[in-house]
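Worksheet: the structure to be examined is printed underneath.
In the working numbering, the protein residues as written are 3 to 681.
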């Protein structure tokens, strides 16, 4: 295919004197590397002998070793063919190593992956490693790669484990060929490629699983190749594996690097053409890197837009949740206020009820005390009456015998009175039992109502006093009976005298009967009052039980209030965490917006720059000084304009270059400002 090239004027080409001066300057600059690279120069001189024979046999090199078929010729012809292939490959290896060392010495710097002699060296080395490989059949198909024997190096030499792990961790590599190429790049950068291949050659019994017996690695040529690779330890290689498509590279040998022409004019023209081609390749690579960066930036923009949309959705959901939580919090507050109001009202009502009940109880106690005082007064009056009767009986001792009938009647009356006294005693015992029951019930109610227990204790004291008074009455009755017996003995004498006094006695007995009836009525009224008091005590017990239940309900309400307060605190914590998350999301959004603006500015800057040709610039764009042999032209890798050495002495790392490159002063300041703003 024909390609269009720009025609360069001969006036622009430098003279022979200028070229010599440039060569002297290069020699002075390369003096520092002379003692270090002396071994490499000697190796290149020794390899020059095989230059001519390699050019003749270069066209016979096969890219892949051809397997034998059923229609193949005799074994002798196949052996001759494999020997020729090995010889051709060895010659090409020698040439590639020689040209690579010479180019490295002439440049006096580290080599990049874009350096053509280095690329050709890897292509030739790949052909050498592929020579005589066995085909492995799998379910998918036939597999034939040189990465299999290279994996053995990790087992034989533990120093190569770092290379193997780094190759396996590269996500861009998907085929065995790409992994093998990456392994070779890393081994060359470590300057241990010859050592690793020597370890493989020392264990040929392991290589026999991967190579045919007449392969290059199984013969003496493999040891020779390892000896040639030792000379590459002088070269410093700086290879970048990221961004390179090692899987789909086509390993084709470019013979144009190994051909030389004798004429000087043709060499100069070729130099100009190579310069144009280099510029073309540079522009193509720039476009490729720019397209890659643009694609990556677009992918990043899409990812950021997706994340922004997700974050916006999450923000909307979070705001909705916060609103619902706030509504629930308000509802809970209202419920808490209602519960508090109800509890306060119930407590006030219970307090009022207890006050009213206490007042009624005090009033009833006062009435009982008054009743007991009246009964006590009546008992005193009866005592006085009994004393008067005893005195009258003492006076009636001298009565006549006629009073026997009256005495019998009196005996009957006394028996009836004794029956009434027995009934009164039974009633007193019942009163005692009731008092004991009241005492036990008051002991049970002491915890809740202490005032009631005090009143009950006073009531029990009064009952005890009544009991003591009744006992005294019984003793007096016994004394009266004794006196009656004495009176009976005397009554025999005084019957006649008492005949006149019977009427008065009968009247007195009628009065006593009326008094006894009144006493019985009073006892009945006291029983009714006791029953009413018992009913009031039962009512008070019911009231106390109700108060206890209300207290338990109050405790349950307090527990619910505590639970609600804990839930409120938890909701507050959740709300605070969500607010923090929203703040962090806002920060992420602001950062992503800043990154988007930076990316857009970089895209605009990349789209606006164009590569300026050498012919178009005669003066420096910044200092406006004219270019000459001493003041040479230098391109800025960011904007593409041409500057002098003083105006473009800065270096910075750009996204399209793996290492720092030359940049003008204006671009240097702009890039530094962008870096500071982004940071």
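The beta-carbon is built from N, C-alpha and C at its ideal position, and this holds for glycine as well.
Taking one beta carbon from each stretch, the segment 293-301 and the segment 577-596 have fewer than 3 pairs nearer than 8 Å; the two do not touch. When rounded, the separation of the alpha-carbon atoms in residue 168 and residue 106 is 27 Å. No Cβ-Cβ contact shorter than 9 Å links residue 241 with residue 196. The shortest CA-to-CA distance from residue 596 to any of 433, 122 and 678 is the one to 678. When rounded, the separation of the alpha-carbon atoms in residue 320 and residue 568 is 22 Å.
Nearest neighbour of residue 462 by Cα position, chosen from 641, 442, 452 and 164, turns out to be 442.
Look at residue 652 here: in three-state DSSP terms it is strand.
Straight-line measurement puts the Cα of residue 581 at about 54 Å from the Cα of residue 623. When the five nearest sequence neighbours on each side are left out, the beta carbons in the same chain lying within less than 8 Å of the beta carbon of residue 594 are those of 306, 309 and 310, in order along the chain. Here residue 637 is bridged, per DSSP, to 644.
Beta-bridge annotation (DSSP): residue 239 is paired with 113. Exposed is the label assigned to residue 533, since fewer than 16 other Cβ atoms lie within 10 Å of its Cβ.
Bounds of any alpha helix (DSSP H) do not take in residue 137, whose DSSP letter is neither H nor E. Residue 384 is bridged by DSSP to nothing; it lacks a bridge partner. For residue 183, the enclosing alpha helix (DSSP H) stretches over residues 178-192. When DSSP states are grouped into helix, strand and coil, residue 492 belongs to the helix group.
Below 8 Å, too few C-beta pairs join the segment 393-402 and the segment 423-438 to call them touching: fewer than three.
Linking residue 662 to residue 651 through their CA atoms gives a straight-line distance of about 12 Å. Taking 9 Å as the cut-off, the Cβ atoms of residue 234 and residue 219 do not count as close. Counting the other Cβ atoms within 10 Å of the Cβ of residue 378 gives fewer than 16, which makes it exposed. Beta-bridge partners of residue 665 (DSSP): 652. Counting along the chain, the unbroken alpha helix (DSSP H) around residue 207 starts and ends at 206-209.
C-alpha of residue 551 to C-alpha of residue 527: approximately 36 Å in a straight line. Shown here, residue 198 sits in a helix according to DSSP, grouped into three states.
Secondary structure note for residue 217: it is in no alpha helix (DSSP H), with a DSSP letter that is neither H nor E. Inter-residue distance for residue 244 and residue 628 is about 40 Å (C-alpha atoms, whole angstroms).
Here residue 82 is exposed, its C-beta having fewer than 16 other C-beta atoms within 10 Å.
Here the alpha carbons of residue 116 and residue 123 stand approximately 12 Å from one another.
Residue 628 carries a strand assignment under DSSP once its states are collapsed to helix, strand and coil. Cβ contact annotation for residue 667 (same chain, cutoff 7 Å, sequence separation greater than five): 624, 649 and 652, in chain order. In terms of CA proximity to residue 586, 314 leads the group 421, 132, 224 and 314. Comparing alpha carbon positions, the residue from 478, 515 and 331 closest to residue 570 is 331. For residue 153, the enclosing alpha helix (DSSP H) covers residues 149-158.
Comparing alpha-carbon positions, the option among 655, 656 and 633 lying closest to residue 645 turns out to be 633.
Taking residue 84 as the centre and dropping the five residues before and after it, the same chain places the C-beta of 216 closer than 7 Å to its C-beta, in chain order. Sixteen is the threshold: since fewer than 16 other Cβ atoms of the shown chains lie within 10 Å of the Cβ of residue 173, the residue is exposed.
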